[in-house]
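Reviewing the structure listed below.
Protein chains: 2
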Amino acid sequence: MTPDTLPTNPFTTVLRDWAGTFMRRSMHDLVQFSRDSGLSMTQLSTLMHLYHQGACGVSDIGSHLGVSNAAASQMIDRLVGQGYLERAEDPGDRRVRQISVTGKGRRLIESAIAARHRWMEELTDSLSPDQQQLIIEALTLLTQAANQPIT
Amino acid sequence: MTPDTLPTNPFTTVLRDWAGTFMRRSMHDLVQFSRDSGLSMTQLSTLMHLYHQGACGVSDIGSHLGVSNAAASQMIDRLVGQGYLERAEDPGDRRVRQISVTGKGRRLIESAIAARHRWMEELTDSLSPDQQQLIIEALTLLTQAANQPIT
DNA sequence: CCATAAACTTAAGCCAACTTAACCATTTAG
DNA sequence: CTAAATGGTTAAGTTGGCTTAAGTTTATGG
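Take a look at the structure:
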């Protein structure tokens, strides 16, 4: 199948399989959620970013997405208009707007996470208690490792 | 944090944490890859779908994405123009176009998977061999479970 | 053999999202 | 106290991706 890289290591093989499977599912689910919620992927990514990181300025969001400040400002404007985000002045520097998620935005993101959560629960319904315990421990390790660097 | 649903079960808690973390990373990575490759999320999702499922018709792709046949046809047209997909006639029913991924498209998707793969390898660099072994077994189970139903 | 259906394409129009450029408000530096 | 830099917004213009509607080709059924 992939004769160019020769992944003989079982760890590499498992990661490759999992990455392929999960990527396909992620892509499909996110496109679906984007369509259902009426929000673009960049908007969802912004909401997710703010949900995790807390408030930040417009430029931060732009560079996080890799777009211009103008684009970020316009996109934020739409999200504010829909009630998912809110603007506030930074008391320390009155040039910068502190952007943060509203309650409505928070609920939206939590529903997206819950959808993914539900999917994984369905996955594991066919697994034995021992297998589930194994997965619990592995995902705990992976979550801890994933939450260290932001990159 | 989430006092409304009361997830006392450790399995539920682990899944919730993992889903949140992974979703944020997935979203960011996919938006990034979309921007770098110059392809929309629906285009990437289509390539991924065909990469996994093999050739299929235009309507199948449209319903997979939740868009009209016209939209699917136009999007496929752009991907064909860029050399990622190719059209062929179905010998059984000459009305349907068999859409499939070209070598170029295949390489693109594999690089996307490899990027995700690399990210997970970095994750596990900080883990012990025992922990890695645990993760291998867990991901093997999850991959098998995830590849059963398409939904 | 003709009418209807199915699969896909093309056309016209709409809106979101991006770009650059100009602009306003505030901060910092000389 | 001005001059330059920083952070955001606004404006104008472009493009991509979606919709509906109409058109083309092939298949199917009376």
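Line by line, the protein sequences give chains B and Z.
Counting from 1, one number per residue, gives the positions in the first sequence under my numbering.
Counting from 1001, one number per residue, gives the positions in the second sequence under my numbering.
Backbone N, C-alpha and C define an ideal beta-carbon position, used for all residues, glycine too.
Bear in mind that the values here come from a model prediction, so they are computed numbers and not experimental data.
With a 10 Å radius around its C-beta and 16 neighbouring C-beta atoms as the bar for buried, classify residue i as buried or exposed.
i	result
S34 (chain B)	buried
R78 (chain B)	exposed
S1068 (chain Z)	exposed
A1138 (chain Z)	buried
A1070 (chain Z)	exposed
L1016 (chain Z)	Note that residue 1016 (chain Z) is Arg in the sequence shown, not Leu. It counts as buried.
G81 (chain B)	exposed
R87 (chain B)	exposed
R25 (chain B)	buried
Q1148 (chain Z)	exposed
R116 (chain B)	buried
P3 (chain B)	Note on P3 (chain B): pLDDT 49, under 50, position unreliable in the model; the coordinate value appears next. By the 10 Å Cβ count, P3 (chain B) comes out exposed.
G1062 (chain Z)	buried
T1151 (chain Z)	Reliability fails at T1151 (chain Z), whose pLDDT of 42 lies under 50, so the model's placement of it is uncertain and the value that follows must be treated cautiously. Under this definition T1151 (chain Z) is an exposed residue.
S1045 (chain Z)	buried
G1103 (chain Z)	exposed
G20 (chain B)	buried
M1001 (chain Z)	Confidence at M1001 (chain Z) is low in this model, with a pLDDT of 49, below 50, so its placement is unreliable and the value that follows should be read with caution. Exposed, by the Cβ-count rule.
I want to see whether chain Z comes within less than 8 Å of residue i, judged by CB atoms only; does it?
i	result
V101 (chain B)	no
G38 (chain B)	no
E137 (chain B)	yes
Q74 (chain B)	no
A112 (chain B)	yes
S63 (chain B)	no
R116 (chain B)	yes
Q171 (chain B)	Here chain B covers residues 1 to 151 and nothing more, so residue 171 (chain B) does not appear.
S126 (chain B)	yes
Q32 (chain B)	yes
P3 (chain B)	In this prediction, P3 (chain B) scores a pLDDT of 49, lower than 50, which makes its location untrustworthy; no coordinate-derived value is stated.
P10 (chain B)	yes
L134 (chain B)	yes
L50 (chain B)	no
Beta-carbon separation of residue i and residue j under 8 Å?
i	j	result
M23 (chain B)	I1113 (chain Z)	yes
L1142 (chain Z)	W119 (chain B)	no
S73 (chain B)	V96 (chain B)	no
V14 (chain B)	L50 (chain B)	no
V1031 (chain Z)	L127 (chain B)	no
M1027 (chain Z)	M48 (chain B)	yes
L123 (chain B)	A1146 (chain Z)	yes
G105 (chain B)	L85 (chain B)	yes
F1011 (chain Z)	Q131 (chain B)	no
L39 (chain B)	L1134 (chain Z)	no
Answer yes or no: does any C-beta atom of chain B fall closer than 8 Å to that of residue i?
i	result
R1035 (chain Z)	yes
R1025 (chain Z)	yes
A1146 (chain Z)	yes
A1070 (chain Z)	no
Q1131 (chain Z)	yes
A1019 (chain Z)	yes
R1095 (chain Z)	no
Q1043 (chain Z)	no
L1085 (chain Z)	no
R1106 (chain Z)	no
R1016 (chain Z)	yes
P1091 (chain Z)	no
L1079 (chain Z)	no
G1066 (chain Z)	yes
Going by DSSP, what residues sit across from residue i in a beta bridge?
i	result
V101 (chain B)	B:L85
Shorter than 7 Å, the distance from the beta carbon of residue i to the closest heavy atom of the ligand GDP, or not?
i	result
S45 (chain B)	What this structure holds is no ligand at all, so the ligand GDP is not there to describe.
Legend entry - Within the stretch 1024 to 1099 of chain Z, ranges of the alpha helix (DSSP H) (whole runs, at least 4 residues): 1041 to 1053, 1058 to 1065 and 1069 to 1081
Legend entry - alpha helix (DSSP H) runs contained entirely in the stretch 98 to 137 of chain B, provided each spans 4 or more residues: 103 to 125
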